[in-house]
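Just so you know, we're using the numbering used here here: the sequence shown kicks off at 21 and counts up by one.
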Amino acid sequence: MGIRAVLRFWVIVYTLCRFGIDEAIPRKFWPWPMRLARRLLFFWPNRYKNRPVGERLRLALETLGPVFVKLGQMLSTRRDILSKEVAESLALLQDQVKPFAGEEAIKRIEKALGRPLNEIFCEFDVTPLASASIAQVHCATLCENGAEVVVKVIRPGIEDVIDSDISLMRRFARILRLIPDARRLRPVEVIEEYQRTLINELDLIREAANGIQLRRNFEGAKELYIPEFYSELCHKNVLVMERIYGIPVSDVDRLIEQGTNLKLLAERGVEVFFTQVFRDSFFHADMHPGNVFVSYEHPEDPMYIGIDCGIVGTLNRDDKRYLAENFLAFFNRDYRMVAQLHVDSGWVPVDTNVSEFEAAIRTVCEPIFEKPLAEISFGHVLVNLFNTARRFNMQVQPQLVLLQKTLLYVEGLGRQLYPQLDLWKTAKPFLERWVRRQVGPAALFDAIKTKSPYWMEKFPEMPELIYENLQLARRHQQNFGELSQLYLKRQKAKQASLFYGLGAGACLISAAILYNVDAEICAALAGLTVVLGALGFRKLR
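Printed below as a string of structure tokens:
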């Protein structure tokens with residue numbers, strides 16, 4: 021560990037101690053050497069004793085800087101490893117940091133695009149429109165067509181900061197993993213997941229590709245608009261996209277003032293989420309309020325605007341099918357079906373006791389269903405399901421964690437816009453239609469329509485392929501017959517060898533007995549017979 025890493029480690033420990041984060045960790049997670057080190061080496065007192073644990077943790081992460089802010093935002097979605105109070109406090113983390121100089125941004129843009137700035141943009145605002153932990157955004161106007169755009173630039177030196185802080189986080193996680201009671205938190209896996217998320221966010225070409233795909237999926241839709249990306253001007257650390265104008269989805273007062281249909285807006289958020297998951301198998305997985313806006317146009321028929329497509333999730337066909345059927349089984353409170361689907365999908369081991377699993381799911385979920393449906397959190401039901409399944413050795417895949425996080429975001433936004441939102445009522449018809457389409461006549465028709473061009477291409481070759489396969493089968497049959505005959509000949513030869521060996525030995529013993537040969541010689545001849553028989557048997561095998 022270098023000097024910079026040691027100093028950074030000291031700053032992190034100092035900050036955590038001053039905010040009393042160590043006091044919030046259960047004593048069983050602290051072996052006596054760590055408690056002794058806390059008193060002798062890291063003796064700074066807690067200065068925020070009167071504040072809740074969640075608020076203290078949020079303030080500590082904000083003090084430690086952008087990488088830790090991002091970590092807190094990610095942890096706020098992990099209701100499976102954090103308490104509700106702490107998770108809700110971390111969800112308030114603001115990703116606003118001091119901007120870097122606009123002149124530095126210009127240098128990075130010119131270096132990435134290989135041209136002077138004035139050849140690309142006829143106007144460029146040196147003052148950033150927004151600044152976050154990973155990048156900042158500047159407004160500009162394209163020379164080519166006069167289009168208003170925003171230019172996103174990765175923060176200089178952020179890669180080194182991330183590498184340094186992630187390395188320290190990994191060391192902390194490995195130490196924590198040595199404590200038996202802390203293993204349940206899976207600290208190393210959490211840090212690895214966080215590292216993957218940051219790496220994806222640092223690659224703006226990936227973000228542009230994700231945005232282009234989402235835009236294509238919702239081309240012409242009235243529920244969601246994705247801005248246009250100028251791929252020829254996108255680089256690993258620079259991104260150029262259409263500038264959008266809208267109201268932040270969290271600004272409910274402005275939405276009400278504009279006369280927005282909040283009920284329809286909330287329901288469309290749910291529809292957009294399920295459409296992305298089940299129709300497209302490609303969903304925006306970072307739908308927090310800072311990335312979602314509402315168009316000024318047609319407030320009576322509102323449209324969402326989505327930005328920042330750096331994190332997306334995908335589901336394969338089997339995962340979609342089992343997830344939809346799980347949701348429907350929950351709607352119908354058929355816990356046996358939920359348990360069996362988990363086994364059939366391979367999410368839990370095949371030797372899982374389905375009856376015990378069913379009982380565990382019922383124990384967790386029945387109290388939830390005692391509430392009115394409009395008060396039940398769909399996202400928290402999914403969290404409870406995954407937590408219960410983990411007790412039966414379910415390894416939740418990354419795409420399912422992203423799905424859980426996104427659903428919590430979507431449901432939170434919907435309830436904020438329209439507290440009476442019944443997500444179950446909105447989602448159930450969608451899922452029922454989707455499942456029917458997967459297994460009914462419509463599914464057969466879609467499969468035929470999808471595969472028919474391939475079949476038509478191969479159809480002229482069918483007679484030749486059939487003839488070649490028949491010829492191949494005939495050759496195999498002839499070869500098999502020849503091999504069978506050869507095998508029978510060899511078996512007969514081996515049997516004859518065994519017969520002659522045993523026969524010769526038996527004759528020798530008989531002759532020795534008839535001519536009163538010594539007993540020791542008879543014993544030796546008997547042994548020779550056994551050897552000859554064994555050799556014959558070995559050949560027979």
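All residues carry an ideal CB built from backbone N, CA and C; glycine is no exception.
Remember, predicted model here, so these are calculated numbers, not experimental data.
For L437 and L587, believed in contact at Cβ under 8 Å, the rounded distance | The structure shown has nothing for residue 587, since the chain only spans 21 to 561.
My understanding is that F347 touches L451, with C-beta atoms under 8 Å, so please give their C-beta distance in whole angstroms.
-> By one-based count along the sequence shown, residue 347 stands at place 327. By one-based count along the sequence shown, residue 451 stands at place 431. Yes, they are in contact, since the Cβ atoms of F347 and L451 sit about 5 Å apart, within 8 Å.
Is T147 buried or exposed, if buried means 16 or more other CB atoms sit within 10 Å of its CB?
-> In the sequence shown, the residue the question calls residue 147 occupies position 127. Exposed, because fewer than 16 other Cβ atoms sit within 10 Å of the Cβ of T147.
Roughly how many angstroms lie between the CA atoms of R410 and W367, to the nearest whole one?
-> Position 390 of the sequence shown holds residue 410. Position 347 of the sequence shown holds residue 367. Cα-Cα distance, rounded: 10 Å.
Can the beta-carbon of E227 be found less than 8 Å from the beta-carbon of C159?
-> On the sequence shown, position 207 is the one that residue 227 refers to. On the sequence shown, position 139 is the one that residue 159 refers to. In this structure, C159 does not lie closer than 8 Å to E227 by Cβ.
For the stretch 320-337 and the stretch 440-457, state whether three or more C-beta atom pairs, one from each stretch, are separated by less than 8 Å.
-> no
For I246, which of H255, I32, G92, R236 has the nearest alpha-carbon?
-> On the sequence shown, position 226 is the one that residue 246 refers to. Comparing Cα positions, the closest option is R236.
Mind checking which residues open and close the alpha helix (DSSP H) that includes P207?
-> Taking the sequence shown and counting its residues from 1, one reaches residue 207 at position 187. Its alpha helix (DSSP H) spans residues 207-222.
Could you round the C-beta distance between A155 and I174 to whole angstroms and report it? I think they count as a contact, below 8 Å.
-> Taking the sequence shown and counting its residues from 1, the one referred to as residue 155 is at position 135. Taking the sequence shown and counting its residues from 1, the one referred to as residue 174 is at position 154. That belief holds up - the Cβ atoms of A155 and I174 are roughly 5 Å apart, short of 8 Å.
Are G40 and R76 touching if we call contact CB-CB under 8 Å?
-> On the sequence shown, residue 40 is found 20 positions in, with the first residue counted as 1. On the sequence shown, residue 76 is found 56 positions in, with the first residue counted as 1. Yes, Cβ-Cβ distance for G40 and R76 is below 8 Å.
In terms of residue numbering, what span does the beta strand (DSSP E) encompassing L113 cover?
-> Numbered from 1 along the sequence shown, position 93 holds the residue referred to as residue 113. L113 -> no beta strand (DSSP E), and no H or E assigned at all.
Burial state of S109, where buried means 16 or more other Cβ atoms lie within 10 Å | For the purposes of this step, residue 109 is identified with residue 89 of the sequence shown, where counting begins at 1. The residue in question, S109, is buried, as its Cβ has 16 or more Cβ neighbours within 10 Å.
Reduced DSSP category for K172 - H, G, I as helix; E, B as strand; rest coil = Position 152 of the sequence shown, counting from 1, holds the residue named residue 172. Three-state result, K172: strand.
Starting from L361, follow the alpha helix (DSSP H) in both directions and report where the run begins and ends.
-> Indexing the sequence shown from 1 puts residue 361 at position 341. Per DSSP, L361 belongs to the alpha helix (DSSP H) from 355-365.
Evaluate the contact criterion for the stretch 315-326 versus the stretch 238-258: three or more CB pairs, one atom per stretch, below 8 Å.
-> yes
Neighbourhood of F29 by C-beta distance below 7 Å, restricted to the same chain and skipping five residues each side | Along the sequence shown, one-based indexing puts residue 29 at 9. Cβ neighbours of F29 beyond the five flanking positions: L188.
Go ahead and pull the three-state DSSP assignment for G85.
-> For the purposes of this step, residue 85 is taken as residue 65 along the sequence shown, with counting starting at 1. Residue state, collapsed to three classes: coil.
What's the gap between the Cα of R382 and the Cα of N336?
-> The residue given as residue 382 occupies position 362 in the sequence shown. The residue given as residue 336 occupies position 316 in the sequence shown. Cα to Cα, the separation comes out at about 28 Å.
Can you tell me whether D371 is buried or exposed, with buried defined as 16 or more other CB within 10 angstroms of its CB?
-> As a position in the sequence shown, residue 371 is number 351, starting the count at 1. Burial state of D371 is exposed, judged by a 10 Å Cβ sphere holding fewer than 16 other Cβ atoms.
By Cβ distance below 7 Å, which residues in the same chain neighbour A80 in space, the five residues on each side in sequence not counted?
-> Stepping through the sequence shown from its first residue, residue 80 is reached at position 60. Answer for A80: T35, L36, F39, I41, listed in chain order.
Considering only the beta carbon of each residue, do V181 and V117 sit closer than 8 Å?
-> Within the sequence shown, the letter at position 161 stands for residue 181. Within the sequence shown, the letter at position 97 stands for residue 117. Contact flag unset, no.
With DSSP as the reference, label A539 as helix, strand or coil.
-> Stepping through the sequence shown from its first residue, residue 539 is reached at position 519. With a pLDDT of only 48 at A539, under 50, the local geometry of the prediction cannot be trusted, and the value read off the model is given with reservation. Here DSSP, grouped into helix, strand and coil, assigns A539 to helix.
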